[in-house]
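The opening position of the sequence shown corresponds to residue 41 in the working numbering, with each subsequent residue numbered one higher.
Every residue gets a Cβ at the ideal spot worked out from N, C-alpha and C, and that includes glycine.
Source: prediction; values computed, not measured.
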Amino acid sequence: MSNVKVVVVGAGVAGLAAGCYAIAQGFDCLVVERHHVAGGVAATWKRGDYVIDGGIHTLSGHNPGLSSYDLYRDLGILPGLPVTELPVLCRFLDERTDRAIEISRNLDRLALELRQLSPDDSEHIDDLIRGAKSMGLLEWSLIDKPEEIMGFRDKLRQSWRLRHSLRYFGGVYVRPLSELTGKIQHPLVKALFESLVPPEAPLWLAMSVLSTFSLGQMALLPQGSVSIVGRLAEYFETDGGVLRMGCGAAEVITTHHDSVDRAMGIVLENGERIHADYVISAADGYSTLWGLLGGRYLDSIITTRYREWRLVPPLVMVSLGVARRFTNEPPLNTIMLRRPFFVGDDTVDTLYLRIFNYARGFAPPGKTVIQVSFRTSWDHWIRLAEGDRPAYDTEKDRVAREVIRRLELHYPSIARQLELVDVATPFTTWRYTHNLQGAYRGWLPTPEVIVSAIPRSLPGLSHLFLAGHWVVPGGGIPACLLSGRHAVQLVCHHQGLPFRLRRP
41 MSNVKVVVVG
51 AGVAGLAAGC
61 YAIAQGFDCL
71 VVERHHVAGG
81 VAATWKRGDY
91 VIDGGIHTLS
101 GHNPGLSSYD
111 LYRDLGILPG
121 LPVTELPVLC
131 RFLDERTDRA
141 IEISRNLDRL
151 ALELRQLSPD
161 DSEHIDDLIR
171 GAKSMGLLEW
181 SLIDKPEEIM
191 GFRDKLRQSW
201 RLRHSLRYFG
211 GVYVRPLSEL
221 TGKIQHPLVK
231 ALFESLVPPE
241 APLWLAMSVL
251 STFSLGQMAL
261 LPQGSVSIVG
271 RLAEYFETDG
281 GVLRMGCGAA
291 EVITTHHDSV
301 DRAMGIVLEN
311 GERIHADYVI
321 SAADGYSTLW
331 GLLGGRYLDS
341 IITTRYREWR
351 LVPPLVMVSL
361 GVARRFTNEP
371 PLNTIMLRRP
381 FFVGDDTVDT
391 LYLRIFNYAR
401 GFAPPGKTVI
411 QVSFRTSWDH
421 WIRLAEGDRP
431 AYDTEKDRVA
441 REVIRRLELH
451 YPSIARQLEL
461 VDVATPFTTW
471 RYTHNLQGAY
481 RGWLPTPEVI
491 VSAIPRSLPG
501 LSHLFLAGHW
511 VVPGGGIPAC
521 LLSGRHAVQL
531 VCHHQGLPFR
541 LRRP
């Protein structure tokens, strides 16, 4: 048994993955979490008889034979995790034209429906669908080492593994999706494509989403986000890891050693000092750099990143417990509103619906959870939450009423069938996770940002490594899990030890 001690800050999926891999090396590992439950942004909470899942929508790459499946298996997630095939990626309804389109796994059928809807957009429709069909499955999990410890042969092997996808990282494919959708005339076709990924993201990312779904590599979680979080936590603790909840980190302990500073552990918010050989922070990036480390280990690249890179827009989530079944509805829906409403300075013209009708555990028998989300701005909600709390609560109630009024058009009498209304704002996300400005997936995946290699270490500080979506632009479950593995690989490299996928 190694006597290397590792403390991980943050019990989201990246932090728990780091803990599992640390235990697999024989390290002593403690994971601390400021919230009273694990999961981070993969959050699940109870409201009476209803379970609200505010986290993971789908799981990708869950079938045997894929590198992502191997990643899940190494962490005890698969096999055994219940999954349900996603029958329809999304149904789009345009209230202005009363037209609806479903994205099924048959991309030829989708292209035909879109061309029939808007013949003038046929060329652009065919370009995107053709690219999605030829792209195949893009497996980020093939990047099995952090760049800091990749040698020439590692990079050559990685390029070979990704050889079928490399051509999509150049030319027109790396241009923002908005350049294509800006040429599309029909609003429903445009909205459908822009719902796949943010319009600022590269075209290849939208193609990848369609390709992954069409190949049957996206599944729903009938037990919700808690099923993944719970398996990670159980795997970690069963193998000897220690998970402490409700004790947030306040500071990283450092000492000066051999011309650089060295992380020596953390100080908890209650004043307790925990000493360790290595610290892995899977917490919010800004909170780590400017909070735990007091802004002492920055360079121009880091400060420019946090000053200039845009964040994924935060969400408002209105979750409704409804005394009604929605058996024939697809789980994921997008509604383009005929009558938008306003939240602060933002116009809300699109609602994203999750109908939890694919499993029994979210609601009592005969009842259903419907979750409606929309993009919003951080400034509006933080101004109310910190400046006028009664106005904040009033605004939450108003937004819920606006959402329910829109749903009534599609599900008559739903207002009378409500048993629960739960509203989570960007301030809610920040309060429980400290994610910068409530950004649930970190950086907006623009063409430049999503391919950026963000170092897992900091200038002038040794024995501390970073994990989570702030070091993997674009986020997602496989990427965050992999970032936890990368952090432990760096610990092993620093110690001169071989890295093991599983505990001997």
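- A check of alpha carbon separations from residue 372 across 140, 393, 360 and 142 identifies 393 as the nearest.
- Between the beta-carbon of residue 535 and that of residue 212 there is about 45 Å, and that puts the pair past the 8 Å contact cut.
- In the three-state DSSP reduction, residue 297 falls in the strand class (E or B).
- Beta-bridge analysis with DSSP links residue 510 to no other residue.
- Rounded to whole angstroms, residue 442 and residue 174 show a C-alpha spacing of 42 Å.
- In this model, residue 159 and residue 233 are separated by some 16 Å (Cα to Cα).
- Per the DSSP secondary-structure output, residue 411 pairs in a beta bridge with 359 and 394.
- For the pair of segments examined, the stretch 447-466 was found to touch the stretch 409-422: the number of CB pairs separated by less than 8 Å reaches three.
- Rounded to the nearest angstrom, the gap between the Cα atoms of residue 217 and residue 399 is 34 Å.
- Note: residue 45 is bridge-paired with 68 in the DSSP secondary-structure output.
- Looking at the DSSP output, residue 285 shares a beta bridge with 73.
- Taking 8 Å as the cut-off, the Cβ atoms of residue 391 and residue 377 count as close.
- Distances from the CA of residue 381 to each of 389, 375 and 374 were compared; the closest alpha carbon is that of 389.
- Under the three-state reduction of DSSP, residue 334 is assigned to coil, being neither helix nor strand.
- In summary, residue 405 is exposed, with fewer than 16 beta-carbon neighbours lying within 10 Å of its beta-carbon over all protein chains present.
- Restricted to the stretch 111-183, the beta strand (DSSP E) segments that are unbroken, complete and at least 3 residues in length are 130-134 and 139-143, listed in chain order.
- Going by beta carbons, residue 308 and residue 322 fall outside the 8 Å limit.
- In this structure, residue 235 sits away from residue 98, with a CB-CB distance that is not shorter than 8 Å.
- It is roughly 24 Å from the alpha-carbon of residue 320 to the alpha-carbon of residue 267.
- Annotation for residue 245: no beta strand (DSSP E) segment contains it, though the alpha helix (DSSP H) segment containing it runs 243-254.
- If the five residues before and after residue 61 are omitted, its C-beta is found closer than 7 Å to the C-beta atoms of 524, 525 and 528, all from its own chain and listed in chain order.
- The stretch 258-267 makes contact with the stretch 93-111, as at least three CB pairs between them are under 8 Å.
- Residue 306 has 292 and 314 as its beta-bridge partners, per DSSP.
- Within the same chain, Cβ atoms closer than 6 Å to the Cβ of residue 510 are found at 325 and 482, the five residues on either side in sequence being excluded.
- Only residues of its own chain outside the window of five on either side were considered, and among them 318 have a CB closer than 6 Å to the CB of residue 531, listed in chain order.
- If you keep only unbroken beta strand (DSSP E) runs of at least 3 residues inside the stretch 477-528, you get 504-506.
- For residue 437, the enclosing alpha helix (DSSP H) covers residues 429-450.
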